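Q:
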Amino acid sequence: MTTVLLKGVRKDFGSFTAISNIDLDIASGELVALLGPSGCGKTTTLRMIAGLEIPSAGQICFDGKDVSEVPVQDRNVGMVFQRYALFPHMTVEKNVLFGLKVRGVGKTEAAERLEEILDVVQLQQFRHRFPAQLSGGQMQRVAIARTLITNPSVLMMDEPLANLDTKLRGEMRRFIRDLQQRLGITTIFVTHDQIEAMELADRVAVIFDGKLAQFDTPDTLYKHPNSIEIADFMGATNVFPAQISGNSAVLEFGTLTLNGNPPEGSQSVMLRSEAIDLHLEQPEGAQNVVEGTIATRDFFGANITYGVTCGGNTVNVTEQSRRIVDVGRPVWLSISPERIWAIKGTA
Ligand SMILES: Nc1ncnc2c1ncn2[C@@H]1O[C@H](COP(=O)(O)OP(=O)(O)O)[C@@H](O)[C@H]1O
Ligand SMILES: [Mg+2]
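According to our numbering, the sequence shown is numbered sequentially starting from 228.
#1: Rounding to the nearest angstrom, what Cα-Cα distance links glycine 241 and glycine 235 in this structure?
#2: Does the segment 559 to 571 come close enough to the segment 491 to 509 to have 3 or more Cβ pairs within less than 8 Å?
#3: Please list, in chain order, all residues of the same chain as proline 489 whose beta carbon is under 7 Å from its beta carbon, the five residues on each side excluded.
#4: Cβ-heavy atom distance between threonine 272 and ligand 2 below 7 Å?
#5: Grab the span of the alpha helix (DSSP H) containing glutamine 367 for me, first residue to last.
#6: Given 8 Å as the limit, is there contact between the segment 352 to 366 and the segment 282 to 290, that is, 3 or more CB pairs closer than that?
#7: Pull up the distance between the alpha-carbon of glycine 266 and that of alanine 245, whole angstroms please.
#8: Is the beta carbon of leucine 178 less than 8 Å from the beta carbon of threonine 271?
#9: Between which two residues does the beta strand (DSSP E) carrying glycine 235 extend?
#10: Where does glutamate 518 sit, in a helix, a strand or coil, going by DSSP?
#11: Rank Glu491, Thr532, Lys328 by C-alpha distance to the C-alpha of asparagine 474 and give the top, closest one.
#12: Can you confirm whether the segment 292 to 308 touches the segment 377 to 397 when touching is taken to mean that 3 or more C-beta pairs between the two stretches lie within less than 8 Å?
#13: Grouping DSSP H, G and I as helix and E and B as strand, with all else coil, what is glycine 437?
#14: Closer than 6 Å by C-beta to methionine 384: which residues in its own chain qualify, once you throw out the five before and the five after it? Chain order, please.
#15: For the 8 Å Cβ check, are there 3 or more pairs between the segment 401 to 416 and the segment 321 to 337?
#16: Would you say phenylalanine 442 touches ligand 1, meaning its beta carbon is less than 7 Å from a heavy atom?
#17: Determine the burial state of proline 452: buried for a count of at least 16 other Cβ atoms within 10 Å of its Cβ, exposed for fewer.
#18: Helix or strand or just coil, what does DSSP make of valine 299?
#19: Do phenylalanine 467 and asparagine 540 have their C-beta atoms within less than 8 Å of each other?
#20: Would you report the Cα separation of aspartate 250 and proline 358, rounded to the nearest angstrom?
#21: Could you tell me if the beta carbon of aspartate 436 falls within a distance shorter than 7 Å of some heavy atom in ligand 2?
#22: Do the segment 505 to 513 and the segment 548 to 562 touch if we need at least three Cβ pairs shorter than 8 Å?
#23: Among all the DSSP beta bridges, which residues are the ones paired with threonine 418?
#24: Pairs of beta-carbons, one from the segment 523 to 533 and one from the segment 418 to 431, closer than 8 Å: are there three or more?
#25: Return helix, strand or coil for tyrosine 311, following the three-state DSSP convention.
#26: DSSP three-state call for valine 542: helix, strand or coil?
#27: Please classify glutamate 257 as buried or exposed, where buried requires at least 16 other C-beta atoms within 10 Å of its C-beta.
#28: Looking at C-alpha atoms only, which residue of Glu456, Ser255, Ala513, Ala529 is the closest neighbour of threonine 484?
#29: With DSSP as the reference, label glutamine 509 as helix, strand or coil.
#30: For phenylalanine 460, report the span of its beta strand (DSSP E) as first-last.
#31: Taking only heavy atoms of ligand 1 into account, decide whether any of them is closer than 7 Å to the Cβ of serine 265.
#32: Helix, strand or coil for leucine 345 per DSSP?
#33: Identify, in the order they occur along the chain, each residue of the same chain with its Cβ nearer than 7 Å to the Cβ of phenylalanine 526, setting aside the five sequence neighbours on each side.
#34: Going by DSSP, name the residue or residues bridged to glycine 534.
#35: For ligand 1, is there a heavy atom less than 7 Å away from the beta-carbon of lysine 334?
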């Protein structure tokens, strides 16, 4: 198993700095997602780790050894791309075996590994088909098999599911997660989709504008973003400016008690929409109660999101659609202190 370390890595293209000073410490067997909007530098980072680009500054280490100058063919990494790049005139078998052939692996060993890997990706029954006779998900599994058969010490995937429809993407995510856990292979997965990153990864590295904005577990990123931009990117809808002193936050529509004192310079609070309770009567014994009126209702099947007007602000509240409350109804909102997160900066 292999650890991957990036130390102060920078990449310039001419006078343009695509990546500035990124530090990442990826544990052996960990699945890390590189997440960020298009153009933020995800592919460039992946290509440097693979050895397809040389960093302008900094170091990349595998298992503590500096590989910054080691060319791609000597790094033993496996790459899977969004475009499967399968050979159309070769069967599944031949496509999967191709990587071994160019590496000069002997016939007997190649045949053994082929059986193993076809089992792993569940493609035994499709082994004699050509790419045109496969679904998108099956083609992607061939592409993964072709990479895995070379026994890479680090597996890298660049938006591998972007071409698949929603349902198939979900299946392939679970497939990749399961496979990665069984094999215990250190994996770096690039995506611009925060849901995909949270579902797949042990930790997520969010990159904005060539800079590492936060590197944390999905749970921490979602509940405790370190900036307004991260909160926004992770889909937070309730971020409000607040005057914070001690454990009290004064918002336009009320004063909330926080769980402990946030750091100096905190100027906003985030209330996750699903962390807010909606009451039809004024609740007794609840903390942080605010009065409002339901202004909008969006039905998503299992869930409903209400837009609740509270003193000129709209607070979004999401709950299960076991009950449906009418627009125009006066309501009370409450939120427990440990569910309120203070953030530096303002939206
Ligand atoms: N070979 C290159 N020459 C010049 N600029 C590049 C090159 N490759 C990438 N860039 C620029 O670097 C930035 C990051 O690109 P990229 O890593 O592909 O982003 P992402 O994968 O996050 O969409 C973009 O502004 C892109 O235009
Ligand atoms: Mg890219």
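Note that CB positions come from ideal geometry on N, CA and C, so glycine has one too. Computed from a prediction, not measured in an experiment: that's the story for all the values here.
A: The short version:
#1: The alpha-carbon atoms of glycine 241 and glycine 235 are separated by roughly 19 Å.
#2: When C-beta atoms of the segment 559 to 571 are compared with those of the segment 491 to 509, three or more pairs fall below 8 Å, so the two segments count as touching.
#3: Only residues of its own chain outside the window of five on either side were considered, and among them Ile471, Ala569 have a CB closer than 7 Å to the CB of proline 489, listed in chain order.
#4: No, ligand 2 has no heavy atom inside 7 Å of this Cβ.
#5: From DSSP, the alpha helix (DSSP H) with glutamine 367 extends over 363 to 375.
#6: Cβ pair count under 8 Å is below three, so no.
#7: Rounded to the nearest angstrom, the two C-alpha atoms are 9 Å apart.
#8: This structure does not reach residue 178, given that the chain is present from 228 up to 574, and the question cannot be answered.
#9: First-last of the beta strand (DSSP E) with glycine 235: 231 to 240.
#10: The DSSP-derived three-state label of glutamate 518 is strand.
#11: Nearest of Glu491, Thr532, Lys328 to asparagine 474, Cα basis: Glu491.
#12: The segment 377 to 397 is in contact with the segment 292 to 308.
#13: Coil, per DSSP.
#14: Only residues of its own chain outside the window of five on either side were considered, and among them Val307, Phe416 have a CB closer than 6 Å to the CB of methionine 384, listed in chain order.
#15: The segment 401 to 416, when compared against the segment 321 to 337, does not touch it at the 8 Å Cβ threshold.
#16: No - ligand 1 has no heavy atom lying nearer than 7 Å to the Cβ of phenylalanine 442.
#17: Proline 452 is buried by the Cβ-count criterion.
#18: Looking at valine 299 - three-state DSSP - the assignment turns out to be helix.
#19: Contact: yes.
#20: Between aspartate 250 and proline 358, the C-alpha separation is close to 39 Å.
#21: False, no ligand heavy atom lies under 7 Å from that Cβ.
#22: Yes: the two stretches touch, three or more of their Cβ pairs being nearer than 8 Å.
#23: In the DSSP assignment, threonine 418 is bridged to Leu262.
#24: The segment 523 to 533 vs the segment 418 to 431: no contact.
#25: In this structure, tyrosine 311 counts as coil in the three-state DSSP scheme.
#26: Strand, per DSSP.
#27: Classification of glutamate 257: buried, given that the 10 Å Cβ count is 16 or more.
#28: Among Glu456, Ser255, Ala513, Ala529, the Cα nearest to that of threonine 484 belongs to Ala513.
#29: Note: glutamine 509 maps to coil in three-state DSSP.
#30: Unbroken run through phenylalanine 460 is the alpha helix (DSSP H), 455 to 460; no beta strand (DSSP E).
#31: The answer is yes for serine 265.
#32: Looking at leucine 345 - three-state DSSP - the assignment turns out to be helix.
#33: Only Ser548 meet the Cβ criterion.
#34: Residue pairing for glycine 534: DSSP places it in a beta bridge opposite Thr523, Asn543.
#35: Not one heavy atom of ligand 1 sits closer than 7 Å to the Cβ of lysine 334.
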